[in-house]
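Residue numbers (the working numbering), protein chains in the order written: chain A, 129 to 452; chain B, 129 to 452. By construction, the Cβ of each residue, glycine as well, lies at the ideal position given by its N, Cα and C atoms. Working notes, structure below.
Protein chains: 2
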Amino acid sequence: MNHVQAVVADIGGTNTRIGVVNDEQLQQSSIKHYSNIGFENFETLLGMYCQEQGINRCDTACIAVAAPVVDDNITLTNHNWCLTRRGLKDVTGAKNISFLNDFEALALSLDRVDPVNLMHLSKSSQHGVPEGTRLVVGAGTGFNSASVSINKNSADLIVGVGETGHMTLPVETIMEFELREYLARGRGRASIERALSGAGLVEIYTWLCERAGIQYHGLSAREISERAIVETDGIFRKTAEILLRFFGRCVGDLALAFLSTGGVYLSGGVTRALKPLLDSELFFKYFLAKGRQSSLLSGIPVYLIDDDAAALAGCTAKAVSLSR
Amino acid sequence: MNHVQAVVADIGGTNTRIGVVNDEQLQQSSIKHYSNIGFENFETLLGMYCQEQGINRCDTACIAVAAPVVDDNITLTNHNWCLTRRGLKDVTGAKNISFLNDFEALALSLDRVDPVNLMHLSKSSQHGVPEGTRLVVGAGTGFNSASVSINKNSADLIVGVGETGHMTLPVETIMEFELREYLARGRGRASIERALSGAGLVEIYTWLCERAGIQYHGLSAREISERAIVETDGIFRKTAEILLRFFGRCVGDLALAFLSTGGVYLSGGVTRALKPLLDSELFFKYFLAKGRQSSLLSGIPVYLIDDDAAALAGCTAKAVSLSR
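In structure tokens:
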């Protein structure tokens, strides 16, 4: 049995990734992916992983969760697991347990992700303002963002995690307004993540079918996005186009809110599933459509974080900083 | 003639305030207000002020402007003045000239404004999370915001100024959608500040009159807000109510974006002109209307910065930090 520097985990709404950190580096060969379904709780999964890897002790267990991090016990927003420091110490033998929000982890990963996994989507070759604020934005099980700025006095990274998925869904056409009404039914409002998420993709598809009087099928977000990519028109492509229009608009709005001249980094399962459509005109048309601020936005580079283990890299950064 | 520590100025789109800093404090008796109209350029106004105050030298001139601060020369966004370091040194005898954005100045003022000028608008008595992010949001000639967070390692204040007035105006009802169409005419889009500004108040009033077939008059934003306060119903009150609804919604959205658990601080000429209506149900109803995040928002205290010289207090903080 081994003593390792850290065990890191990224618990999403649907999947969990776990890895090992030694010598301040995430060990690529140690990274494993799991579907959350089938594990009654996270401790069982983590205990199984540690046993497989022959780990009985570590300095730190650093866990990214898709939930607000406020106290000792974490209840996941989009899943029914409840995590406790006590339980995690028991299965990992960790001296320290550190929780961080999944978007904080993504924000901390930007300087650690292999640059080949940062896909430059912007047409221009700009690299943004050095030391400018950077913004991570993602659509997956939910929607959220985090900003990263540099404190010039101390060189510390300052991460600000939001709850941007709960902001008002911004509509600009009558068709979008009607979709908003559909998404808001029974709730009185439609937040950004009502459209910009896996569930949102399914809802947009269902709404388009109902509107067109087409028989629809109980397809998953993955199936819809797979079909949207191979179609050149048709209902699946149209579904993805509506999502990308909202996505471009919301990402542009958030780039204005945070003045993220250092760059925008897209993440999330839904975003990555639509990767072949992201560098289409559509996303950028709406990202840039901000009147006299369009030139500001056109100077901001947009990347896709095309690395499913990015949040683990952020957990690694956190674990390393804690052990210094 | 005197040597003072700093001359501070806050140049808005409509008015300018100037003051003197000595012994690290803004000298209240030195504060003067001017209307920008009638001065060909800012240097003339500042030169006149320095002469009146008997100032021929200062360590620092610290100038807040309603414009992005990027380089040596500042062109004001909503006014035709152009400021240069050279010109400002000539009239003030300053060793250092420092420009800052007006919302950066407001953000830096929060710990210097006299607490009697911070009007607690929330119904509850909460004081927010200590060291939580604070957010300044204001509607005046334009709309903008700035966040202030504390770097726990160094105790530095980290200010993030946005361009939030240019974000998409969020509409949630068919009436608001129609207003959005009116505000977007000839432009293709409506930003937040198309509604949430002095010009926006006039546009909302004109739209309501046109819709109701009422003869309307060329009233200023000030006149409209004055009438809105004395009316209990009628077109002026309705105008203010529409603005406050958008304001509550946008401020709530921004509180989610920045997770400003330390408090929201409202500022700006339009906001202050509608002060008697701000603690009405209307603003808070829309501020809190964020589905399952309503409880998060209800824990955030909301204040009005009821101090026209607040930005000067922020300039003072900046000037003092520069002379240490």
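Could you check whether residue j and residue i sit closer than 8 Å to each other, using their CB atoms as the reference points?
i	j	result
A267 (chain A)	F231 (chain A)	no
A194 (chain B)	T269 (chain B)	yes
A233 (chain B)	G362 (chain B)	no
G288 (chain A)	F386 (chain B)	yes
A318 (chain B)	L297 (chain B)	yes
T188 (chain A)	N130 (chain A)	no
K366 (chain B)	L410 (chain B)	no
Y431 (chain A)	L249 (chain A)	yes
S451 (chain A)	Q153 (chain A)	no
Can you give me the C-alpha to C-alpha distance between residue i and residue j, rounded to a whole angstrom?
i	j	result
S449 (chain B)	E331 (chain A)	53 Å
G392 (chain A)	K403 (chain A)	Here the sequence assigns Val to residue 392 (chain A), which means Gly is not the residue at that position. Roughly 15 Å separates the two Cα atoms.
S282 (chain B)	A437 (chain A)	31 Å
V135 (chain A)	N208 (chain A)	22 Å
G341 (chain B)	F364 (chain B)	15 Å
I370 (chain B)	A383 (chain A)	27 Å
N229 (chain B)	I146 (chain B)	15 Å
A323 (chain B)	R308 (chain A)	21 Å
K217 (chain B)	F271 (chain A)	49 Å
T360 (chain B)	L405 (chain B)	11 Å
T389 (chain B)	G290 (chain A)	11 Å
A447 (chain B)	I159 (chain B)	16 Å
S325 (chain A)	G396 (chain A)	9 Å
T203 (chain A)	A439 (chain A)	19 Å
A349 (chain A)	R213 (chain A)	34 Å
D381 (chain A)	Y162 (chain B)	34 Å
L394 (chain A)	N245 (chain A)	12 Å
I286 (chain A)	L236 (chain A)	9 Å
G316 (chain A)	F412 (chain A)	30 Å
R313 (chain A)	D242 (chain B)	46 Å
Q343 (chain A)	E300 (chain B)	29 Å
R355 (chain B)	E168 (chain B)	32 Å
V197 (chain A)	L329 (chain B)	40 Å
S408 (chain B)	Y333 (chain B)	20 Å
S157 (chain B)	S422 (chain A)	43 Å
I320 (chain A)	E351 (chain B)	37 Å
M247 (chain A)	D435 (chain A)	10 Å
G346 (chain B)	F305 (chain A)	32 Å
From the options, pick the residue whose C-alpha is nearest to that of residue i; which is it?
i	options	result
G221 (chain A)	A:C186, A:T142, A:Q155, A:I370	A:C186
V149 (chain A)	A:S348, A:C178, A:A323	A:C178
G166 (chain B)	B:L238, B:F411, B:M176	B:M176
I357 (chain B)	B:Q343, B:G346, B:H345, B:L372	B:L372
V398 (chain A)	A:A368, A:D381, A:L410, A:E409	A:A368
D284 (chain A)	A:L311, A:D239, A:E304, A:N245	A:D239
Q181 (chain B)	B:M303, B:Q155, B:E300	B:Q155
T444 (chain B)	B:N184, B:S226, B:Y431	B:S226
I433 (chain B)	B:S408, B:A401, B:S451, B:S422	B:A401
R339 (chain A)	A:V219, A:M303, A:E321	A:M303
N164 (chain A)	A:S408, A:I352, A:C210	A:C210
M295 (chain B)	A:D151, A:T144, A:R420, A:G215	A:R420
N184 (chain A)	A:M247, A:V219, A:G346	A:V219
Provide the residue span of the alpha helix (DSSP H) that contains residue i, from first to last.
i	result
M303 (chain B)	302 to 312
S353 (chain B)	349 to 358
G328 (chain B)	326 to 340
G376 (chain B)	363 to 386
Y177 (chain A)	170 to 181
For a contact meaning CB atoms closer than 8 Å, what does residue i contact in chain D?
i	result
D381 (chain B)	The structure shown contains no chain D; the protein chains it does contain are A and B.
State the start and end residues of the unbroken beta strand (DSSP E) segment that holds residue i.
i	result
A194 (chain A)	Note, A194 (chain A): premise wrong, no beta strand (DSSP E); not H, not E.
L432 (chain A)	430 to 433
Q133 (chain B)	130 to 139
L263 (chain A)	262 to 267
L402 (chain B)	L402 (chain B) -> no beta strand (DSSP E), and no H or E assigned at all.
R145 (chain B)	143 to 150
A417 (chain A)	Taken as a continuous stretch (DSSP letters only), A417 (chain A) belongs to no beta strand (DSSP E), as it is neither H nor E.
S226 (chain A)	222 to 229
I278 (chain A)	271 to 278
I320 (chain B)	Run containing I320 (chain B): none in the beta strand (DSSP E); it sits in the alpha helix (DSSP H), 320 to 323.
L246 (chain A)	246 to 248
V392 (chain B)	391 to 395
> Per the contact definition of three or more C-beta pairs closer than 8 Å, is the stretch 245 to 263 of chain A in contact with the stretch 275 to 284 of chain A?
Replying inline: yes
> Can you find at least 3 beta carbon pairs, one from the stretch 367 to 376 of chain B and one from the stretch 413 to 421 of chain B, that sit closer than 8 Å?
Replying inline: yes
>> Could you check whether the stretch 166 to 174 of chain A touches the stretch 137 to 144 of chain B, counting it as contact only if at least three pairs of C-beta atoms, one from each stretch, sit closer than 8 Å?
In response: no
>> For the stretch 423 to 435 of chain A against the stretch 234 to 254 of chain A, do three or more pairs of beta-carbon atoms, one drawn from each stretch, fall closer than 8 Å, so that the two count as touching?
In response: yes
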